[in-house]
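Residue numbers (our numbering), protein chains in the order written: chain B, 67 to 226; chain F, 4 to 439.
Please read the structure below before turning to the comments.
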Amino acid sequence: MTFSPDLEARFARLLESYPPGRRRSALIPMLMYAQDEVGAVTGEVVEEVARRCGVTPLQVDEVVSYYSMLHRQPQGKYHVQVCTNISCLLRGGDKLYEQASRKLGIGHKETTADGRFSLEEVECIGACSWAPAIQVNYDFHHDMTPEKLDKLLASLEKIQ
Amino acid sequence: MPYNDPSPLEVRILTRRFGLPDSASLDTYLAHDGFQGFERALKLKPEEIIEEVKLSHLRGRGGAGFPAGLKWSFVPRSSPKPKYIVANADESEPGTCKDRLLMEYDPHQLLEGMLIAALAVDAHAGYIYIRGEYRYLIEILDRAIEEARARGYLGRNILGSGFDFEVYTHTGAGAYECGEESALLESLEGKRGVPRIRPPFPAVAGAFGCPTVLNNVETFCAVPYILREGGAAFAALGTPKNGGTRLFCLSGHVNRPGVYELPMGFNLLRMIHEVGGGVWKGKKLKAVIPGGSSCPVLKAGECDLPMDYDSLARAGSMLGSGGVVVMDEDTCMVKVALRIMRFYAHESCGWCIPCREGTMWLRKLLQRFHDGGGTRADIGLIGDVAKSMLGRTFCPLGDAAAMPTISFVEKFREEFEAHLDGRPCPCERAGEAVAV
Ligand SMILES: Cc1cc2nc3c(=O)[nH]c(=O)nc-3n(C[C@H](O)[C@H](O)[C@H](O)COP(=O)(O)O)c2cc1C
Ligand code: FES
């Protein structure tokens, strides 16, 4: 399996970051970066990353099942993550989650039929002082309101 | 502060470069005292560096408040094994959002802090373990590392001193438990984030089985100032045995939530009213979680106290990670306790039974309660289950789940009683006037 030249360069740097004989340390970063490019941790990705890190595919599977950001199925083009943990809850994060679910017509960890959106109710994302907060893919959206959420979803809808 | 307006009451030591043009660049850092702490450290013996940190009364900003200098002194400098520096940038304790700013707006300060620690314990490699959601920070930090290397502040023979030190970023992939130091080290080695038995502590057997200094990002970020201005100057900013300033993450029902750098010992009520502009909508204060979701809750009447480790411990809570969550009079405490337990049940790594089962049963009990199906006996049961977890779990996640729960049922028992007899949440039925 081959990745883009940029990702290959990143993997090469990654493997040099750890002490000799510690290739396995690159496992989780490699899975994260590969997932970003491929869209999911597919069987092929597991095999490839296992080979590069010198572990068995089973050892990779064990890791994939532990971490909440690693997923086997592709998510929507826009993965909408609404925080409903305490600081966000106190400022309406749960209502925003319901609103997003209604607008998109999907529930927790579901993807729209056209593959554009997926939704997840997430734990604290480190934006508590600017709550309620949402992450779309890796982008943060602070101080959200129902109006801002509507606008955000509409603008994502429009992007080709 | 970049995401919220600063407060005139702040004492800006760690955040003083925030808001400067291009504050993340090495040029800005150097123009504002950057790497002067390291240059001073170069003139000291390793024991003298550690002594300076001890004098500063800098205590770990990750949650437990362990004295940083003392922790560094446990590293066996003469060990033939390589030593490592690890910065904990997992920042996942609900209510906490400060390390993110330190890395975004002043990455070189973190690098210098790690470099000084490396000099003190003779380490030549360091890792910044960053939660997966903070991907954009990896780009910022990698750029800072590259820039520092290109100008001789990292890499081989730093500033001609003969000392070598490399720093690498390492992404997590979504797991609160990986903020716990030993689970973090497992994750750094490419495994599931399951905690290790201790002792040995990381100072003796940490990353790759080698002696390791593991500190929170904010802890490292305080070190350049301490070496530049002296430990005594840092200590003098705070209260006895609680040196310096810290970044408080004010959130919840206040008019001006935000991250504010305040001296240790700053009064909590003043923080809410003068820094945070008071409770929103003209409402009364009901309760405060003073240091992230793991800390026992304080009732409004308990909040007139200095925010330092020892004062909070005396009040039966903790200073924790700096996440100050403010709740107004309409907040349903059963709902808050439930939301917190849903978090811990989701994040328990499942390795040890008291934590895995305890958090799950507490979540179920609290959910039933909130839905109106609780019984009077359940109130006692919630407290009993939580107490039976205390001190019996492999890592402190079990305690972190149990402690706030115990405080919610003990301090707000009348609210639990109000949910009895098959009634749904009385706060929610009150309709529009209710925040939660
Ligand atoms: C469940 C759990 C989660 C933790 N999460 C974090 C975290 O996200 N960031 C952090 O710095 N420390 C966290 N800690 C504390 C670390 O285990 C460790 O004590 C700390 O990073 C040491 O640094 P310090 O002495 O500078 O605070 C956590 C602890 C536990 C038990
Ligand atoms: S609680 Fe929502 S970002 Fe922290």
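Glycine is no exception: its CB is placed at the ideal position from the N, C-alpha and C atoms.
Keep in mind that this is a model prediction, so the values were computed, not measured.
>> Against chain B, does glycine 261 of chain F count as a neighbour if the rule is that its beta carbon must be under 8 angstroms from one of theirs?
In response: Output row for glycine 261 of chain F: interface = yes.
> From what residue to what residue does the beta strand (DSSP E) around isoleucine 133 of chain F run?
Replying inline: 128 to 133
> Can you tell me the Cα-Cα spacing of glutamate 82 of chain B and glutamate 169 of chain F, whole angstroms?
Replying inline: 11 angstroms
> What are the residues that DSSP puts in a beta bridge with leucine 156 of chain B?
Replying inline: As computed with DSSP, leucine 156 of chain B is found in no beta bridge at all.
> Quick one: is methionine 210 of chain B near chain F, going by C-beta distance under 8 angstroms?
Replying inline: no
> With 16 as the cutoff for other CB atoms within 10 Å, does glutamate 150 of chain F come out buried or exposed?
Replying inline: buried
> The alpha helix (DSSP H) with threonine 222 of chain F in it runs from where to where?
Replying inline: 220 to 232
> Hey, is methionine 330 of chain F's beta-carbon within less than 8 angstroms of any beta-carbon in chain B?
Replying inline: yes
> proline 32 of chain F to glycine 377 of chain F, Cα distance in whole Å?
Replying inline: At residue 32 of chain F the sequence reads tyrosine, which differs from the proline that was named. Between tyrosine 32 of chain F and glycine 377 of chain F, the C-alpha separation is close to 57 angstroms.
>> Cβ closer than 9 angstroms: which chain B residues qualify as neighbours of arginine 15 of chain F?
In response: Correct list: empty, because the minimum Cβ distance to chain B is about 16 angstroms.
>> Can you tell me whether tyrosine 263 of chain F is helix, strand or coil according to DSSP?
In response: strand
> phenylalanine 211 of chain F touches chain B at which residues, Cβ-Cβ below 7 angstroms?
Replying inline: Pro85 and Arg88
>> Give me the chain B residues within the contact set of aspartate 248 of chain F, using Cβ-Cβ distance strictly less than 9 angstroms, ordered along the chain.
In response: What sits at residue 248 of chain F in the sequence shown is threonine, not aspartate. Contact of threonine 248 of chain F with chain B by beta-carbon distance below 9 angstroms is absent, the smallest such distance being about 17 angstroms.
> Are there 16 or more other CB atoms within 10 angstroms of the CB of lysine 74 of chain F, so buried, or fewer, so exposed?
Replying inline: buried
>> I'd like to know if threonine 339 of chain F contacts chain B, where contact means its C-beta is closer than 8 angstroms to some C-beta of that chain.
In response: This sequence places valine at residue 339 of chain F; threonine is not what is there. Proximity of valine 339 of chain F to chain B, defined by a Cβ-Cβ separation below 8 angstroms, is satisfied.
> Since alanine 210 of chain F and tyrosine 156 of chain F are thought to touch, with beta carbons under 8 angstroms apart, how far apart are those beta carbons, to the nearest angstrom?
Replying inline: Actually they are not in contact, since the Cβ atoms of alanine 210 of chain F and tyrosine 156 of chain F sit about 22 angstroms apart, beyond 8 angstroms.
> What are the boundary residues of the beta strand (DSSP E) that leucine 288 of chain F is part of?
Replying inline: 288 to 292
>> Looking only at its chain, what residues have a beta carbon closer than 8 angstroms to the beta carbon of leucine 23 of chain F, apart from the 5 residues adjacent to it on each side?
In response: Same-chain partners within the cutoff: Thr31 and His35.
> According to the Cβ coordinates, are valine 291 of chain F and histidine 422 of chain F closer than 8 angstroms?
Replying inline: no
> Taking the C-alpha atoms as reference points, what is the distance between leucine 45 of chain F and phenylalanine 166 of chain F?
Replying inline: The straight-line gap from Cα to Cα measures roughly 9 angstroms.
> Which whole-angstrom value describes the C-beta separation of valine 207 of chain F and proline 198 of chain F, a residue pair presumed to lie in contact below a C-beta threshold of 8 angstroms?
Replying inline: Not confirmed; about 16 angstroms, so no contact.
>> Strictly below 9 angstroms CB to CB, what residues from chain F border leucine 136 of chain B?
In response: Gly135, Ala176 and Gly177
> Got a sec: which bits of the region 180 to 211 of chain F sit with their beta carbon under 8 angstroms from any beta carbon on chain B, in order along the chain?
Replying inline: Ser190, Leu191, Glu192, Gly193, Lys194, Arg195, Gly196 and Phe211
>> Assuming the contact rule is C-beta atoms closer than 8 angstroms, methionine 330 of chain F and glycine 255 of chain F should be a hit. Round their C-beta distance to whole Å, please.
In response: 6 angstroms
> Would you say the region 404 to 417 of chain F touches the region 377 to 393 of chain F, given that touching needs at least three Cβ pairs under 8 angstroms?
Replying inline: The way I'd put it, the region 404 to 417 of chain F does touch the region 377 to 393 of chain F; three or more beta-carbon pairs between them come closer than 8 angstroms.
>> For a contact defined as C-beta to C-beta under 7 angstroms, what are the partners of cysteine 100 of chain F on chain B?
In response: Gly192, Ala193, Cys194 and Ser195
>> I need the DSSP call for cysteine 442 of chain F, collapsed to helix, strand or coil.
In response: Nothing in the structure corresponds to residue 442 of chain F, since chain F is present only between 4 and 439.
>> Can you tell me whether glutamine 201 of chain B is buried or exposed? The criterion is at least 16 other CB atoms within 10 Å of its CB, across all chains shown.
In response: buried
> From this set, F/Leu105, F/Gly65, F/Glu94 and F/Leu122, which residue's C-alpha is nearest proline 85 of chain F's C-alpha?
Replying inline: Nearest Cα to proline 85 of chain F within the set F/Leu105, F/Gly65, F/Glu94 and F/Leu122: F/Leu122.
>> By the three-class DSSP mapping on this structure, what secondary structure does alanine 34 of chain F have?
In response: helix
> Using a C-beta to C-beta distance shorter than 9 angstroms, which residues of chain B count as neighbours of phenylalanine 346 of chain F?
Replying inline: Asn151, Ile152, Glu189 and Cys190
>> Any heavy atom of ligand 1 inside 7 angstroms of the beta-carbon of threonine 378 of chain F?
In response: Checking the Cβ of threonine 378 of chain F against ligand 1 gives no.
>> Is cysteine 100 of chain F near ligand 2 - that is, is its Cβ less than 7 angstroms away from at least one heavy atom of it?
In response: yes
> Within 10 angstroms of its Cβ, does glycine 383 of chain F collect 16 or more other Cβ (buried), or is it exposed?
Replying inline: exposed
> What residue from F/Pro11, F/Lys101 and F/Glu184 has the CA that sits closest to isoleucine 88 of chain F's CA?
Replying inline: F/Glu184
> In chain F, which residues lie less than 9 angstroms from glutamate 128 of chain B when you measure between Cβ atoms?
Replying inline: The answer, in chain order, is Lys194 and Arg195.
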